[in-house]
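Counting in the working numbering, the sequence shown runs from 363 upward without gaps. The C-beta atom is built at its ideal place from N, Cα and C for all residues, glycine as well. Here the structure comes first, spelled out in structure tokens, and everything after it is commentary.
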Amino acid sequence: MYLGLDLGTSGLKGLVIDEAGAVVAEASAPLRLSRPLPGWSEQDPADWISAAEGVLRALSRQVDLGAVAGIGLSGQMHGATALDASDKVLRPCILWNDTRAHAQAAKLDADPQFRAISGNIVFPGFTAPKLVWMAEEEPELFAQVARVLLPKDYLRLWLTGSHVAEMSDAAGTSWLDTGARDWSDDLLAATGLGRDHMPALVEGAAASGGLRAALAREFGLRAGIPVAGGAGDNAATAIGLGIARGGQGFVSLGTSGVLFAATDGYAPAPETAVHSFCHALPGTWHQMGVILAATDALNWFAGLAGTDPATLTGTLGTLRAPGHALFLPYLGGERTPLNDATIRAAFLGLEHATDRDAATRAVLEGVVFALRDCRDALAATGTRLETLIAAGGGARSDYWLAALATALDLPILVPQAGEYGAALGAARLGRMAATGEGPEAMPLPPIAREIAPDPALTDAFSAAHGRYRAAQSAIKDLT
363 MYLGLDLGTS
373 GLKGLVIDEA
383 GAVVAEASAP
393 LRLSRPLPGW
403 SEQDPADWIS
413 AAEGVLRALS
423 RQVDLGAVAG
433 IGLSGQMHGA
443 TALDASDKVL
453 RPCILWNDTR
463 AHAQAAKLDA
473 DPQFRAISGN
483 IVFPGFTAPK
493 LVWMAEEEPE
503 LFAQVARVLL
513 PKDYLRLWLT
523 GSHVAEMSDA
533 AGTSWLDTGA
543 RDWSDDLLAA
553 TGLGRDHMPA
563 LVEGAAASGG
573 LRAALAREFG
583 LRAGIPVAGG
593 AGDNAATAIG
603 LGIARGGQGF
613 VSLGTSGVLF
623 AATDGYAPAP
633 ETAVHSFCHA
643 LPGTWHQMGV
653 ILAATDALNW
663 FAGLAGTDPA
673 TLTGTLGTLR
683 APGHALFLPY
693 LGGERTPLND
703 ATIRAAFLGL
713 EHATDRDAAT
723 RAVLEGVVFA
733 LRDCRDALAA
743 TGTRLETLIA
753 AGGGARSDYW
763 LAALATALDL
773 PILVPQAGEY
783 GAALGAARLG
793 RMAATGEGPE
803 AMPLPPIARE
813 IAPDPALTDA
823 FSAAHGRYRA
833 AQSAIKDLT
């Protein structure tokens with residue numbers, strides 16, 4: 363069997379697959395984040411370890427973990443986990459959705475070598491500007507930094523005792539030469555760091571170390587089994603969905619929203635605010651547009667409305683044309699295509715006729731239009747999507763998927779009920795590390811149905827998207 367651990371923002375999930383690739387056990391543990399100041403978002407890495415311990419105990423009650431032959435990891439990207447020389451955590455991890463380092467990010471992004479080498483804009487949520495912020499705002503802590511790890515790689519340190527990262531996650535730091543798949547000494551030096559501050563690099567399907575004997579004894583695993591390099595959460599989701607070829611892609615309605623496209627080569631276009639990252643398999647890359655609030659926006663509105671998201675979306679019926687109300691989902695700024703950490707969300711066009719259902723539709727449509735912006739940005743780089751698979755918790759809403767298919771003018775494939783996300787991708791990478799297998803270990807999921815665009819509503823969604831784009835400009839300096 364093979365074990366995948368996915369360290370998300372809101373929880374840690376563990377999943378075990380058998381030799382046939384079927385899920386035989388799964389467990390999860392919740393995580394909380396802290397927002398001590400506006401724009402800040404942090405977690406205590408000790409909570410990740412506690413969550414992992416709870417998940418492993420729960421899995422050990424379902425199956426014999428002694429049969430696990432390999433472990434894979436996936437996780438939230440971009441987090442800055444700063445360690446001293448004894449591997450002590452110096453401060454809470456600064457997460458992907460933290461925008462405190464927007465000024466530092468802008469300064470790094472103005473240095474042409476960052477886009478030229480990393481292939482990406484230096485976004486405020488990326489790792490490098492957070493360390494520059496530490497150097498400026500917490501110099502006594504920055505002086506003690508001996509190593510910087512991404513969240514899942516701190517979990518790896520606990521599992522193996524090794525400081526290791528892999529390509530897909532490292533590409534989101536602004537320190538990686540993404541084309542060469544290696545740390546850039548020049549980019550590190552520009553942020554006051556060196557290669558010795560970085561973990562070693564492996565490919566996602568390669569072994570990064572062996573499981574420590576003490577943990578093996580505690581949870582009934584075998585000592586020394588390989589822990590794969592793994593992948594950042596979106597690349598791991600792609601592995602779970604069998605997506606590695608050009609033209610294949612997925613749309614994820616999770617806390618954030620992602621439009622992911624596998625590419626046949628490395629073709630960065632940072633001016634579009636599209637992310638160009640390494641994929642989890644050797645010699646492969648991908649592009650993605652990322653919005654910071656997808657289900658996060660719906661959850662926020664549900665809290666405001668005093669109910670839960672399923673209740674809000676369950677009464678919407680069949681897809682209809684967008685109404686007068688508009689919602690711009692920039693609760694914590696936006697990445698693609700705006701690269702704006704300070705813009706904030708807004709409702710526009712509210713009227714007496716705007717009831718709860720109308721406001722809910724506006725929230726869903728706002729996320730849809732933000733993802734259409736991502737599609738347009740991907741298209742500007744020459745990337746075309748032929749197939750799109752639905753992923754994430756928001757994909758349980760047929761209304762949301764129908765709106766998305768119509769706005770993107772692209773059919774969306776809905777997998778059969780089951781687990782096809784990042785935890786499965788991590789388990790598959792654990793299998794590859796243990797067996798030496800390649801893409802044959804990551805088949806596409808069985809498809810339950812296809813949600814096609816509604817040709818009667820495509821013009822209405824295009825017109826509403828035009829209003830949405832105009833509203834972006836209107837609110838930019840007001841929020």
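Q. Pick from A724, D558 and I479: whose alpha carbon is nearest that of A656?
A. A724
Q. In whole angstroms, what separates the C-alpha of A444 from that of N701?
A. 25 angstroms
**Q.** Residue span of the beta strand (DSSP E) that contains E812, given as start and end
**A.** I809 to I813
(Q) By DSSP's criteria, V564 is part of a beta bridge. Which residues make up the other side? (A) E528
Q. Do the segment 520-538 and the segment 582-595 touch if we need at least three Cβ pairs shorter than 8 angstroms?
A. yes
Q. Hey, quick one: how far does the alpha helix (DSSP H) through R734 stretch, first residue to last?
A. R718 to A742
**Q.** Where R509 falls: helix, strand or coil (DSSP)
**A.** Residue state for R509 is assigned as strand, using DSSP reduced to three classes.
**Q.** Rounded C-alpha distance that separates D449 from R509
**A.** 8 angstroms
Q. Since D368 is in the alpha helix (DSSP H), which residue starts that stretch and which ends it?
A. First-last for D368: Y364 to L369, but that is the beta strand (DSSP E), not the alpha helix (DSSP H).
**Q.** Option in L747, A703, C736 and P684 with minimal Cα separation from L712
**A.** P684
Q. So, do the segment 792-807 and the segment 669-678 have three or more beta carbon pairs nearer to each other than 8 angstroms?
A. Contact fails: fewer than three Cβ-Cβ distances are below 8 angstroms.
Q: Provide the residue span of the alpha helix (DSSP H) that contains H648, from first to last.
A: Not the alpha helix (DSSP H): H648 falls in the beta strand (DSSP E), residues W647 to I653.
Q. Among all the DSSP beta bridges, which residues are the ones paired with S614?
A. V620 and A753
Q. Among L367, L654 and R579, which has the Cα closest to the Cα of T617?
A. Check the Cα spacing between T617 and each of L367, L654 and R579: the tightest is with L654.
Q. For the segment 664-691, which segments carrying the beta strand (DSSP E) assignment without a break, of at least 3 residues, lie completely within its bounds, in sequence order?
A. 688-690
Q) Going by beta carbon distance, what residues of the same chain come within less than 7 angstroms of F476, once the five residues before and after it are set aside? A) For F476, where only same-chain residues beyond five positions count, the Cβ hits under 7 angstroms are L470, V484, S536 and L549.
**Q.** Residues of its chain near G586, where Cβ-Cβ distance is below 7 angstroms and the 5 sequence neighbours each way are ignored
**A.** Same-chain partners within the cutoff: G572 and L573.
Q) For the putative contact between Q649 and T745, defined by C-beta atoms under 8 angstroms, what is the C-beta separation to the nearest angstrom? A) 6 angstroms
Q: Mind the definition here: the segment 419-437 touches the segment 789-801 only if three or more C-beta pairs lie below 8 angstroms; say whether that holds.
A: Yes: the two stretches touch, three or more of their Cβ pairs being nearer than 8 angstroms.
Q. Does the Cβ of T669 have 16 or more other Cβ atoms within 10 Å, making it buried, or fewer, making it exposed?
A. In this structure T669 is exposed. Its beta-carbon is surrounded by fewer than 16 other beta-carbon atoms within 10 angstroms.
**Q.** Inter-stretch contact at 8 angstroms, needing at least 3 Cβ pairs: the segment 484-493 / the segment 456-464
**A.** yes
Q: Run through the segment 371-401 for me and flag every whole alpha helix (DSSP H) of 4 or more residues, listed as ranges in chain order.
A: Listed in chain order, nothing qualifies, since the segment 371-401 has no complete alpha helix (DSSP H) run of 4 or more residues.
Q.
In whole angstroms, give me the CA-to-CA distance for R397 and E404.
A. 6 angstroms
Q | the segment 624-635 / the segment 510-530 touching (three or more Cβ pairs under 8 angstroms) | A | no
Q) At what residues does the alpha helix (DSSP H) containing P474 begin and finish? A) Annotation: the continuous alpha helix (DSSP H) that includes P474 extends over P474 to S480.
Q: Could you round the C-beta distance between L770 and A623 to whole angstroms and report it? I think they count as a contact, below 8 angstroms.
A: About 12 angstroms; that fails the 8 angstroms criterion.
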